[in-house]
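K.L.:
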Amino acid sequence: GKTENSFILCRGGLAERLCRLQNRERSAISFWRHQCVSDDKIPSDKSGVLIVKILEIFEECTIQVAICQQLEQSPAALSPEDALINAEEPILKVLFTRETAAHLKSRPQDVIHIYPPWQKLLLQNSDVPVIMNTYFSQKVLLSEHSEARERTYGLTKMLIRKNIISLAQTFRLDDLDDKLHHETSDNQVPCAPQTHDNGGSKQHPSALSAVNDSLLEMVESQGAVGWREVQVRVVIQRVYCLPAREGHRSHTQGNKPLFSNGGMFCRLCLLVQDAYGMFSEVQLQFLSSRDDIEQYCRRWEGKSCCLAGMKILQRTTRGRALGLFSLIDSLWPPAVPVKVPGQSQDSEMMTTNLPPPSFCYILTVQSGEIHVEVDEEEQISNLYQPPAVHGLKEILGINGCNERCSFWAQVLYRRLQSKHSVPVDQREMLLFVTDSTLQNAVHGIPKVVAVSVTASCVLSVEVIEALSAGSQLVFFKDALWGNGRIICVERTVLLLQKPLLCSAAGADLSELTGPVRLDELDSTTQANSVCALRG
């Protein structure tokens, strides 16, 4: 219909003939189904009719695949459950189009009559025949018991498992031996639960799904409901916490939350990237111990992992999530060439000359599922980009706006910004910091700068206690620089220890060895500055 409405077909051309053929085919199918409903019976002509019993159903490339067993001609009095199975007959793989599958609404154990002109395809290196052209198919209800069961099942929608077949897998572009090695690793869970057939029939290999490497392909094929029996392999670029509103006290340890800013509790989150360069934010469980965030940062950042049991919480864009995309932009372009959808995976085709992502899927876990399988023994992925650590002097010279930056600084003084009626751990604060690059700078560059920590920046109890105790060395990861200010916002992490992996971009990261020097108070001193006064 879309083709006919969008384009003018050449008279007598192949496109016009194909369009007419499709219209006639749809009309014939609709007329046949209308006859069956009007007559309220199964067509009497049984010549060439293929009778099958469905053992298993899954979806692949929008086609519904039914693993079936052929039945003998059974008396009409028998229900599908009592129908005799001919053990001599081979297992059949029956293909139904999306429209036919929607009409049949089949389930395992259903009996289907497939009328001519169905076709049987024998594949090389396979002993399972494929049945195609199954447009003229009808589900058989042979007893009152079956009809009652059908009415009951009709109220609930059956969830059909979807197998993801990537183009790289179809055209053998990936190293299959390497893929097999990853899939059978002892540190991973099976991609899908093993399916057992009570009749003792052998499980067909196509019923199992493979680990995918594309977030976008997974999301598009599985839909908003989420995926349960498939996995996608990604690299963990960042680990951080996001505030969660009141109502999640049960997820904290005792009555004291692990992280608390703005009266919020925190949720562990991962920023992950797939082999095609696409990012996704994964929201995991609520934390329950003091050292969780630092522990997860050290164990997980830079490692590959498999995601399972995920569902889409939101599809967000650059305009709606500036904070998230400022972090994504700091990780773009990728550290190594990434795959390009639809192109050969040859090294020349894997280019980093790509525009930055314009959207990102926010994923969350489905309860009762295995969420994240991290291979902690695996080496750091080449795709991982550790925080690029700069000196404060270099950061003050950045011309851009909303740029993420990481630095190591000595916190000299903490000043709470909010009213005294607000609890200490819920207030915004100013941290006055310095480092060796500022202390050794020439006149005109401040020796101490103020870092604003907003209420949305989640701080651990350990960091809050250290800051209140006095001068402290702190690592600021992914703070935001813009309009002459350094701000700690959502997805900024403050640590008392430097991460194991970080790249020092020419910055002097040595600790201060002598007394801290301050700027002299004069007419150019700005508000909220720490300075020295003489006389």
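Take UniProt numbering: the last position of the sequence shown gets the number 535, and nothing is skipped along the way.
Cβ coordinates follow ideal geometry from the N, Cα and C atoms, glycine included.
Values in this document were obtained by computation on a predicted structure and should not be read as measured data.
Apart from the five residues just before and just after Gly-400, which ones in its own chain have a Cβ nearer than 8 Å to its Cβ?
P.N.:
Position 400 of the sequence shown, counted from the start, is the residue given in the question as residue 400. Correct list, in chain order: Trp-481, Gly-482.
K.L.:
By how many angstroms is the C-alpha of Ile-112 removed from the C-alpha of Leu-271?
P.N.:
As a working mapping, residue 271 is identified with position 271 in the sequence shown. As a working mapping, residue 112 is identified with position 112 in the sequence shown. Each residue's Cα considered, the two are about 47 Å apart.
K.L.:
On the CB-based measure, 16 or more other CB atoms within 10 Å of its CB, does Arg-280 come out buried or exposed?
P.N.:
For this step, residue 280 is matched to residue 280 along the sequence shown. The amino acid at residue 280 is misidentified as Arg; the sequence shows Ser. That one is buried.
K.L.:
Between the alpha carbons of Pro-190 and Asn-212, how many angstroms are there, rounded?
P.N.:
For the purposes of this step, residue 190 is identified with residue 190 of the sequence shown, where counting begins at 1. For the purposes of this step, residue 212 is identified with residue 212 of the sequence shown, where counting begins at 1. The predicted model places Pro-190 with a pLDDT of 32, which falls under 50 and marks its position as unreliable; any figure quoted below should be read in that light. Going by the C-alpha atoms only, they are around 13 Å apart.
K.L.:
With respect to the beta strand (DSSP E) encompassing Ser-304, which residues constitute its N-terminal and C-terminal limits?
P.N.:
Locating residue 304 in the sequence shown gives position 304, counting from the first residue. Start and end: 304–307.
K.L.:
Give a yes or no on whether the C-beta atoms belonging to Val-530 and Val-448 are separated by under 8 Å.
P.N.:
On the sequence shown, residue 530 is found 530 positions in, with the first residue counted as 1. On the sequence shown, residue 448 is found 448 positions in, with the first residue counted as 1. In contact: Val-530 and Val-448 (Cβ atoms closer than 8 Å).
K.L.:
DSSP three-state call for Ala-441: helix, strand or coil?
P.N.:
As a working mapping, residue 441 is identified with position 441 in the sequence shown. Residue state, collapsed to three classes: coil.
K.L.:
Which of helix, strand or coil does DSSP assign to Ser-66?
P.N.:
Here residue 66 is taken as the residue at index 66 of the sequence shown, counted from 1. It should be noted that the sequence gives Ala, not Ser, for residue 66. It is a strand residue.
K.L.:
Mind reading off the beta-carbon distance from Ile-131 to Ile-114? Whole number of angstroms is fine, and I expect it under 8 Å.
P.N.:
Taking the first residue of the sequence shown as 1, we reach residue 131 at position 131. Taking the first residue of the sequence shown as 1, we reach residue 114 at position 114. 7 Å between Cβ atoms; contact.
K.L.:
Enumerate in chain order the residues of its own chain whose CB-to-CB distance from Lys-393 is below 7 Å, with the five nearest sequence positions on each side excluded.
P.N.:
Your numbering for residue 393 matches position 393 in the sequence shown. Only Thr-437, Leu-438, Ala-441, Ile-445 meet the Cβ criterion.
K.L.:
What would DSSP say about Thr-434, mapped onto helix, strand or coil?
P.N.:
Counted from its first residue, the sequence shown places residue 434 at position 434. In the structure shown, Thr-434 sits in a strand (DSSP, three-state: E or B).
K.L.:
Roughly how many angstroms lie between the CA atoms of Leu-431 and Phe-407, to the nearest whole one?
P.N.:
Reading the sequence shown from its first residue, position 431 is the one you call residue 431. Reading the sequence shown from its first residue, position 407 is the one you call residue 407. Spanning the two alpha carbons is a distance of roughly 14 Å.
K.L.:
Which residues does DSSP list as the beta-bridge partners of Glu-465?
P.N.:
Looking up residue 465 in the sequence shown gives position 465. DSSP, once it has assigned bridges, lists no residue as partnering Glu-465.
K.L.:
The alpha helix (DSSP H) with Lys-393 in it runs from where to where?
P.N.:
Taking the sequence shown and counting its residues from 1, one reaches residue 393 at position 393. First-last of the alpha helix (DSSP H) with Lys-393: 392–396.
K.L.:
Would you call Cys-360 buried or exposed, if buried means 16 or more other Cβ atoms sit within 10 Å of its Cβ?
P.N.:
Position 360 of the sequence shown holds residue 360. Cys-360 comes out buried.
K.L.:
Considering Cα atoms alone, identify which of Met-278, Ile-312, Val-433 is closest to Pro-355.
P.N.:
Position 355 of the sequence shown, counted from the first residue, corresponds to residue 355. Considering only alpha carbons, the answer is Met-278.
K.L.:
Pull up the DSSP beta-bridge partners for Val-52, would you.
P.N.:
The residue you call residue 52 lines up with position 52 of the sequence shown. BP columns for Val-52 point to Gln-70, Ile-112.
K.L.:
Quickly, what does DSSP pair Asn-212 with across the bridge? List them, please.
P.N.:
Translated into the one-based positions of the sequence shown, residue 212 becomes position 212. The partner list for Asn-212 (beta bridge, DSSP) reads Val-232.
K.L.:
Please check the pair Ser-304 and Ser-381, which I expect to be a contact at CB under 8 Å, by giving their CB distance rounded to whole angstroms.
P.N.:
As a first step, residue 304 is located in the sequence shown; it is residue number 304 there, counting from the start. As a first step, residue 381 is located in the sequence shown; it is residue number 381 there, counting from the start. Indeed they touch by this definition, with Cβ atoms about 5 Å apart.
K.L.:
Can you tell me whether Arg-491 is buried or exposed? The criterion is at least 16 other CB atoms within 10 Å of its CB, across all chains shown.
P.N.:
Translated into the one-based positions of the sequence shown, residue 491 becomes position 491. That one is buried.
K.L.:
How many Å lie between Ser-456 and Tyr-384 at the Cα?
P.N.:
By 1-based counting over the sequence shown, the position of residue 456 is 456. By 1-based counting over the sequence shown, the position of residue 384 is 384. Cα to Cα, the separation comes out at about 26 Å.
K.L.:
Which residue comes first and which comes last in the alpha helix (DSSP H) that contains Glu-490?
P.N.:
Looking up residue 490 in the sequence shown gives position 490. Premise fails: Glu-490 is in no alpha helix (DSSP H) and is neither H nor E.
K.L.:
Whose CA, out of Glu-378, Cys-297, Ser-126, lies closest to the CA of Lys-93?
P.N.:
In the sequence shown, the residue the question calls residue 93 occupies position 93. Selected option, being the one with the closest Cα: Ser-126.
K.L.:
Which word fits Ala-275, buried or exposed, when buried means at least 16 other C-beta atoms lie within 10 angstroms of its C-beta?
P.N.:
Counted from its first residue, the sequence shown places residue 275 at position 275. Flag for Ala-275 reads buried.
K.L.:
Assuming contact is defined by CB atoms lying nearer than 8 Å, are Glu-56 and Pro-108 in contact in what I supplied?
P.N.:
As a working note, residue 56 is residue 56 in the sequence shown. As a working note, residue 108 is residue 108 in the sequence shown. Yes; because the gap between Cβ atoms is below 8 Å, this pair is in contact.
K.L.:
Classify Met-278 as helix, strand or coil using the three-state DSSP reduction.
P.N.:
Within the sequence shown, numbered from 1, the residue matching residue 278 stands at position 278. Reduced to three states, the DSSP call for Met-278 is coil.
K.L.:
So what's Ser-185 in DSSP terms, helix, strand or just coil?
P.N.:
Residue mapping note: residue 185 aligns to position 185 of the sequence shown, counting from 1. Only weak support exists for where Ser-185 lies, its pLDDT of 41 falling under 50; the coordinates are left without a value.
K.L.:
When the distance is taken between beta carbons, is Thr-97 closer than 8 Å to Ser-137?
P.N.:
Position 137 of the sequence shown, counted from the start, is the residue given in the question as residue 137. Position 97 of the sequence shown, counted from the start, is the residue given in the question as residue 97. No, the pair does not count as a contact, with Cβ atoms beyond the cut-off.
K.L.:
Alpha carbon to alpha carbon, how far is Leu-95 from Cys-36? Give it in angstroms, no decimals.
P.N.:
Stepping through the sequence shown from its first residue, residue 36 is reached at position 36. Stepping through the sequence shown from its first residue, residue 95 is reached at position 95. Answer to the nearest angstrom: the Cα atoms are 21 Å apart.
K.L.:
Between the beta-carbon of Cys-266 and the beta-carbon of Ala-244, is there less than 8 Å?
P.N.:
As a position in the sequence shown, residue 266 is number 266, starting the count at 1. As a position in the sequence shown, residue 244 is number 244, starting the count at 1. In this structure, Ala-244 lies closer than 8 Å to Cys-266 by Cβ.
K.L.:
Express the C-alpha separation of Gly-319 and Leu-215 in angstroms, rounding to a whole number.
P.N.:
Numbered from 1 along the sequence shown, position 215 holds the residue referred to as residue 215. Numbered from 1 along the sequence shown, position 319 holds the residue referred to as residue 319. Going from the Cα of Leu-215 to the Cα of Gly-319 covers about 21 Å.
K.L.:
Name the one or two DSSP bridge partners that Asp-519 has.
P.N.:
The sequence position of residue 519 within the sequence shown is 519, counting from 1. For Asp-519, which the question treats as bridged, DSSP gives the partners Cys-531.
K.L.:
Which stretch, first to last residue, makes up the beta strand (DSSP E) that contains Phe-359?
P.N.:
Taking the sequence shown and counting its residues from 1, the one referred to as residue 359 is at position 359. Unbroken beta strand (DSSP E) run through Phe-359: 359–365.
K.L.:
Quick one: give me the first and last residue of the alpha helix (DSSP H) that Leu-412 is part of.
P.N.:
As a working note, residue 412 is residue 412 in the sequence shown. Unbroken run through Leu-412 is the beta strand (DSSP E), 403–416; no alpha helix (DSSP H).
K.L.:
Since Gly-48 and Pro-116 should fall inside the 8 Å C-beta cutoff, what is the C-beta to C-beta distance between them, to a whole number of angstroms?
P.N.:
Along the sequence shown, read from residue 1 onward, the residue named residue 48 stands at position 48. Along the sequence shown, read from residue 1 onward, the residue named residue 116 stands at position 116. Going by Cβ atoms, the distance from Gly-48 to Pro-116 rounds to 4 Å, so yes, they are a contact pair.
K.L.:
Would you grab the beta carbon distance between Cys-297 and Glu-373 for me? Rounded to a whole angstrom, and I think it's under 8 Å.
P.N.:
One-based indexing of the sequence shown puts residue 297 at position 297. One-based indexing of the sequence shown puts residue 373 at position 373. At roughly 18 Å, the Cβ-Cβ gap does not stay under 8 Å, so Cys-297 and Glu-373 are not in contact.
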